[in-house]
Amino acid sequence: MPGISFYPEEEEMRKEKSLVWAVTILLVVASMLLASCAPQETAQPTQPPAQGVTEAPAEPTEAPGEATEAPAATEAAATEAAIDRNYSPDIPEPAEPVTVSFANFNDLETPFWQGMKEEFEANHPNITIEFQTVPGDDMFDKLLAQVAAGNPPDAAYVSDWMTGAFAQEGGLAPLEDYVTKSNLIDLEDYVPAFLETSQVDGVQYGLPMTSETTSLFYRTDRFEEAGLDPNNPPKTWEEFQEYAEKLTNSAENKYGFAVFAPVDEAAYNFYPWLWQAGGDQLNPDDPTDVVWDSPEGQRAADFYANLAQYAPPDLLNASAWDARVPFANGDVAMLMAGGWLVGELMTQFPDATGLWAVAPLPQDQRCATTIAGDHLVIFEGSKNKEAAYKWIEFVSAPDHMIELNVGTPDYPSALLPPRQSLLEDPTLYETRPYMQGFKDNMECAYVPEADQPRFYEAQQILGEALGRAFYGEIDGKTAVIESAVEAEALLKEE
Amino acid sequence: MAITDIEKSQPFSRRMRETLRLMRKNWSAYLFLMPGLIHFAIFTLFAVGFAFYISFHEWNIIRPEKPFVGLENYLRLFEDPRFLRAVTNTLTFMVGVPLNLISGLAVALLLNTKVRGQALFRAMFYLPVVTPLVVSSIIWKWLYQGDYGLLNYYLLKFGIIQEKIFWLADPNLALPALILMGIWGGTGATMVIYLAGLQSIPQEMYDASMVDGANSWQRLRYITIPLLRPTTFFLFITSVIGTFQIFTEVYIMTNGGPLNRTTTIGYYLYTNAFRELDMGYATAMAFVLFAMIFGFTLIQWKYTRGDVEY
Chain A
1 MPGISFYPEE
11 EEMRKEKSLV
21 WAVTILLVVA
31 SMLLASCAPQ
41 ETAQPTQPPA
51 QGVTEAPAEP
61 TEAPGEATEA
71 PAATEAAATE
81 AAIDRNYSPD
91 IPEPAEPVTV
101 SFANFNDLET
111 PFWQGMKEEF
121 EANHPNITIE
131 FQTVPGDDMF
141 DKLLAQVAAG
151 NPPDAAYVSD
161 WMTGAFAQEG
171 GLAPLEDYVT
181 KSNLIDLEDY
191 VPAFLETSQV
201 DGVQYGLPMT
211 SETTSLFYRT
221 DRFEEAGLDP
231 NNPPKTWEEF
241 QEYAEKLTNS
251 AENKYGFAVF
261 APVDEAAYNF
271 YPWLWQAGGD
281 QLNPDDPTDV
291 VWDSPEGQRA
301 ADFYANLAQY
311 APPDLLNASA
321 WDARVPFANG
331 DVAMLMAGGW
341 LVGELMTQFP
351 DATGLWAVAP
361 LPQDQRCATT
371 IAGDHLVIFE
381 GSKNKEAAYK
391 WIEFVSAPDH
401 MIELNVGTPD
411 YPSALLPPRQ
421 SLLEDPTLYE
431 TRPYMQGFKD
441 NMECAYVPEA
451 DQPRFYEAQQ
461 ILGEALGRAF
471 YGEIDGKTAV
481 IESAVEAEAL
491 LKEE
Chain B
1 MAITDIEKSQ
11 PFSRRMRETL
21 RLMRKNWSAY
31 LFLMPGLIHF
41 AIFTLFAVGF
51 AFYISFHEWN
61 IIRPEKPFVG
71 LENYLRLFED
81 PRFLRAVTNT
91 LTFMVGVPLN
101 LISGLAVALL
111 LNTKVRGQAL
121 FRAMFYLPVV
131 TPLVVSSIIW
141 KWLYQGDYGL
151 LNYYLLKFGI
161 IQEKIFWLAD
171 PNLALPALIL
181 MGIWGGTGAT
191 MVIYLAGLQS
201 IPQEMYDASM
211 VDGANSWQRL
221 RYITIPLLRP
231 TTFFLFITSV
241 IGTFQIFTEV
251 YIMTNGGPLN
261 RTTTIGYYLY
271 TNAFRELDMG
281 YATAMAFVLF
291 AMIFGFTLIQ
301 WKYTRGDVEY
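Protein chains in written order, with the numbering used here: chain A, 1 to 494; chain B, 1 to 310.
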C-alpha cells in the first residue's frame with residue numbers, strides 16, 4: 001500500500017527470535033520431562049527458530065577471508081573504472097573531501113558492501129563512505145528520530161514502505177534532477193510496479209534495488225504422492241482448489257494449503273486473490289470508498305475462505321512464518337510466501353532441498369500478487385546530496401544490482417533485480433532455478449493506486465471479519481460486505 | 001505507633017523538624033536504604049507518575065508531537081469493543097481462581113497426611129511454580145497441538161475422544177484450555193500456602209472434636225476450612241490480582257486469538273503500546289486496570305475479611 005505497508009511475517013520473526021533463549025531452556029526441560037513418553041511425531045514443532053536471510057551472521061573466522069578478497073575487488077574495479085565508472089559526469093565531483101554517511105540494515109561486513117565502498121572510493125577520491133549499520137527491526141524508528149532531530153544520514157538502504165513513509169513527511173530528497181543527468185538510471189527500464197513504490201505523487205524518491213513477490217511454494221514430493229505433476233503447478237482457481245483437495249488428508253496430518261486468521265495475516269494474504277478476481281481494496285478515484293465488497297471481492301472472499309477446509313487448524317491462528325516448519329516437513333503442501341522463505345528453507349531446513357519449488361500464484365480474471373523490495377534513498381537533510389547521489393547511483397549499477405540480488409552461498413538471497421533488462425540475465429537462475437517462478441510472477445506485481453493514510457485501520461476491520469470467515473462463523477461474502485460498511489464509516493469520518 | 005499519634009497533633013513545621021532531627025540521628029540507616037530508595041523512586045514512583053501523565057496525551061512513541069487530549073483516552077476505552085471483549089475475557093479467566101483454590105487445598109490436604117515420598121510429591125506439585133512461565137507456555141502449546149500434541153495422542157489412543165480436538169485453534173476451547181493450564185501452574189503455589197495454613201491449626205481442636213465424635217468430613221467442614229479462612233482470603237485476593245494481569249500465556253500460546261477469544265486486558269494493553277505504539281491509550285488502559293484491581297480488592301476486603309474467632 002502507498003504510505004504504510006505491513007509485513008506480518010517480520011513481526012513474527014522478531015518475536016520468535018526473542019524466544020530463542022526460552023526455547024533453549026525448554027529443550028532441556030522438555031527432553032527431561034517428555035523423553036520417556038513422547039511419540040516420535042512430536043519432534044515436528046521442536047525445530048529451533050531460525051534466522052532471516054538478511055541477518056545471517058558473519059562468522060568471525062571469515063573476517064580474514066574478506067580482508068583478502070577486498071583488494072582483489074578493488075583491482076578489478078580499477079580496471080573497470082578505466083572504462084567508465086562515472087555515470088553522471090554532469091554532476092560535479094566535490095572539490096573538497098566529503099564524507100557520505102550511509103545507513104543500512106544489511107550486514108555491511110559482507111563482501112558485497114565492503115567491495116562497493118572500496119571500489120567507489122577508488123573512483124571518487126574526494127568522497128569517503130561511512131557505514132552505519134542499523135538493526136532491521138529498529139531502522140525505521142532510528143531514522144525517524146534522526147530526521148526529526150535534523151541529523152539524518154546522507155543516504156540509506158531502506159524497505160519500500162519506508163520510502164513512502166519518509167517521502168510523505170518531506171524527509172527524502174527528490175531524485176528527478178539527478179536522474180535526468182545520469183547515463184545509468186533509465187526509469188523506463190524498471191518494472192513499473194516496483195518503480196511505483198519508489199514514487200510519491202509522481203515524484204521519484206528512491207532507486208529500487210531488489211524485488212520480491214508473494215509466490216506459491218509447493219512440495220514436489222507431495223504432488224507426486226497425490227498423483228499430480230510437480231512440473232505443472234495449479235494455474236487457475238479451479239485447479240488450485242482441486243489440487244488442495246487432493247493434497248489434503250487430515251487423518252494423516254497432511255494438508256493442501258494454509259490460511260491464517262490473525263487480523264493482519266488474514267487481510268494481507270487475501271489481497272492477491274481479491275485482485276486476481278478483478279477487485280480492489282479502495283476506489284482509486286475516491287480513497288474513502290471501500291470496494292472490497294464488490295461482486296469480485298465477494299467471489300474472492302468466498303473462494304479464499306473456503307480454502308480453510310484444506311488448511312491445518314493448528315495454523316489458523318498462526319502466520320506464514322509459523323507455517324514454514326510444517327511446509328519444510330511436508331505437512332503443508334502449498335504455501336503463499338515471499339522470498340524470505342527461500343532463505344529459511346535453504347539455511348534452516350537443508351533436508352528439504354530438492355523437495356520444493358516456486359511458481360506464480362494461480363490466476364483468475366488477471367494475475368496479481370503483493371510485492372516488496374528495498375530502495376536507495378537520499379535524505380532531504382543531507383549536506384552532501386550530490387556526492388550521496390553518486391554513491392547510490394554507483395551501487396545500483398546493473399552488475400552490482402545482479403551481484404546483490406544473487407547473493408553468495410554464505411549470504412543466500414532470493415531476490416530479483418527490478419530492472420526489466422536484467423531479468424533475462426541467466427546468472428540470476430543458474431544457481432537458483434526456483435527464481436524462475438518468482439520471475440514469472442513479476443509481471444503480476446500489483447500496487448493499489450488509492451492513497452489512504454488510514455488504510456491500516458480499515459485493513460484491521462477487513463482482517464477481523466475474514467478471520468471469522470476462516471473459522472466458519474460467517475461466510476466470506478458476509479465478511480467483506482459487513483467489513484466494508486464499517487471500514488467506510490471509519491474512512492469517511494472527519 | 002504512639003509517637004506518630006502525638007506527632008499528628010503537632011503543627012507541620014514542628015513535625016518536620018522532628019523528622020529531620022531523627023534523620024540526622026539515624027543518617028547511617030538512610031544511607032543503607034538509599035540504593036533501594038533511589039531505585040524505587042526512579043523506576044517505580046517516577047515511572048508510574050509519568051505513565052499517569054502520558055495517559056492524558058496522544059502519545060505515539062515515534063511521532064514528535066504529543067498533544068494533550070484530556071480524558072479522551074479514558075473515554076475511548078468504553079467505546080472500544082475490543083477492550084470490552086478483553087475485559088469479558090479477563091473476567092472469564094476468573095473461573096480459574098476458585099478451581100485453583102480447590103485443587104490447591106485438595107493437594108495440600110493429601111500431602112499433609114503421612115504419605116510415603118511426601119517431600120517428592122510436594123516438589124513435583126511445586127515444580128510448575130518454579131518453571132518460567134514462558135517455558136511452560138511453550139510446552140503446553142505443544143501439548144495442546146491438534147495434529148501432533150501429546151494430549152490428543154493419548155486421548156485418541158485410549159479412545160476417550162474419536163476425533164482430533166484443536167484445543168488452542170478452536171475459538172470456543174482456547175480460553176478453557178488456558179484456564180486448565182493456569183490451574184496446573186497455580187496449584188503448587190496454592191498448595192504450599194495452604195500447607196503452611198494447615199500446620200498452624202492447633203491439634204487440640206481436632207482432638208477435642210474427635211472426643212465429641214466428629215468424623216473426618218465434619219472435621220474438615222467445621223474445623224479445617226473455617227480456620228483456613230485467612231489463608232483462603234489471602235490466596236483469593238492474590239489469585240484475582242494475578243488473573244487480572246494474565247499476559248505471558250496469551251502472548252506465547254495464542255496471541256489473543258483465535259478471533260480475540262483469549263485477548264486479556266494485559267495483552268490488549270501490550271498490543272496497543274508496542275504494536276500500535278499508542279502509549280497514551282495503553283497507559284490509560286493500565287490505570288483503568290489498576291482501578292479495577294483496586295476496586296475488586298476493596299470489595300473482597302470488606303466482605304470476605306478473614307477474621308477467625310477461636
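Yeah, the Cβ is synthetic: ideal placement off N, Cα and C, and Gly gets one too.
Cβ pair P312/A, Y389/A closer than 7 Å: No. Outside cutoff.
query: Assuming Q300/B and I246/B make a contact with CB atoms under 8 Å, what is their CB distance in whole Å?
result: Contact flag wrong, Cβ pair sits at about 18 Å.
field: Nearest-angstrom Cα separation, counted from L207/A out to P176/B
entry: 52 Å
field: Residue from L187/A, P94/A, V259/A whose Cα sits closest to the Cα of E176/A
entry: Comparing Cα-Cα distances from E176/A to each of L187/A, P94/A, V259/A, the minimum goes to L187/A.
field: Whole-angstrom distance between N26/B and I38/B, CA atom to CA atom
entry: C-alpha separation (whole angstroms): 18 Å.
task: Answer with yes or no whether the minimum CB distance from G146/B to chain A is below 7 Å.
output: yes
message: Give me, in chain order, the residues of the same chain whose beta-carbon lies closer than 6 Å to that of F140/A; leave out the 5 immediate sequence neighbours on both sides.
response: Non-local beta-carbon contacts of F140/A in its own chain, meaning distances under 6 Å to residues more than five positions away in sequence, involve M162 in chain order.
query: Quick one: any contact between the stretch 141–149 of chain B and the stretch 206–213 of chain B, if contact means 3 or more CB pairs under 8 Å?
result: In this structure the stretch 141–149 of chain B does not lie against the stretch 206–213 of chain B, because fewer than three pairs of beta carbons, one per stretch, are closer than 8 Å.
Chain A contacts from the stretch 246–267 of chain B (Cβ-Cβ distance under 9 Å): Y251, I252, T254, N255, G256, G257, P258, L259, N260
- request: Go to D314/A, then tell me how far its alpha helix (DSSP H) extends in each direction, as first and last residue.
  value: 313–316
- request: Pick out the complete alpha helix (DSSP H) segments inside the stretch 161–233 of chain B, 4 residues or longer, and give them in chain order.
  value: 174–199, 203–211, 216–219
Interface residues of chain A facing F166/B [CB-CB closer than 7 Å]: Result: P313, D314.
message: Counting only Cβ pairs nearer than 8 Å, list the residues of chain B close to A261/A.
response: Under the 8 Å cutoff, chain B gives G257, P258, L259.
query: Taking DSSP as the reference, what is the three-state secondary structure of Q204/A?
result: In the structure shown, Q204/A sits in a strand (DSSP, three-state: E or B).
message: Taking the beta carbon of Y268/A as the centre, do at least 16 other beta carbons fall within 10 Å, making it buried, or is it exposed?
response: buried
- request: Answer yes or no: do G185/B and G96/B have a C-beta to C-beta separation smaller than 7 Å?
  value: no
task: Using a threshold of 7 Å, state whether the C-beta atoms of A273/B and Y74/B are closer than that.
output: no
query: List, in order along the chain, the chain B residues whose C-beta lies closer than 9 Å to that of N151/A?
result: Near N151/A there are no residues of chain B at all, since even the closest Cβ is about 13 Å away, more than 9 Å.
query: What residues in its chain sit with their C-beta under 6 Å from that of R17/B, if we drop five residues either side in the sequence?
result: none
- prompt: DSSP on R85/A, reduced to helix/strand/coil?
  reply: coil
field: C-alpha gap between L168/B and A174/B, whole angstroms
entry: 4 Å
- prompt: Is the stretch 259–275 of chain A touching the stretch 371–378 of chain A in the sense that three or more CB pairs, one from each, lie closer than 8 Å?
  reply: no
message: Please state the DSSP three-state secondary structure of P350/A.
response: helix
- prompt: Is M72/B near L178/B, with beta carbons less than 7 Å apart?
  reply: According to the sequence displayed, residue 72/B carries Glu and not Met. The answer is no: Cβ separation not under 7 Å.
message: I'd like the list of long-range same chain contacts for F394/A, defined as Cβ closer than 6 Å, with 5 residues on each side in sequence excluded.
response: F120
- request: Would you tell me roughly how many angstroms separate the C-alpha atoms of A86/B and K141/B, rounded to the nearest one?
  value: 21 Å
- request: Name, please, each residue of chain A whose Cβ falls closer than 7 Å to the Cβ of A169/B.
  value: P313, D314, L316, N317
- prompt: Cα separation between D335/B and G202/A?
  reply: For chain B, the structure presents residues 1 to 310; residue 335/B sits outside this window and is missing.
query: Distance, Cα to Cα, E169/A vs L143/A?
result: 13 Å
- prompt: From this set, L298/B, G295/B, G257/B, H57/B, which residue's C-alpha is nearest N89/B's C-alpha?
  reply: G257/B
task: Spell out whether any CB of chain B is found under 7 Å from the CB atom of L26/A.
output: Residue confidence for L26/A is low, a pLDDT of 44 falling below 50, so the modelled location carries little weight and cannot support an answer.
task: Please name the residue or residues paired with R219/A in a DSSP beta bridge.
output: W356/A
query: From S198/A, A258/A, E242/A, Q363/A, pick the residue whose C-alpha is nearest to that of G278/A; which is it?
result: Q363/A
task: State buried or exposed for L498/A, treating a residue as buried only when at least 16 other CB atoms are found within 10 Å of its CB.
output: Because chain A spans 1 through 494 in this model, residue 498/A falls outside it and cannot be assessed.
Proximity below 7 Å, CB of L184/A to CB of Y87/A: yes
query: Can you list, in chain order, the residues of the stretch 289–307 of chain A whose Cβ is nearer than 8 Å to any Cβ on chain B?
result: none
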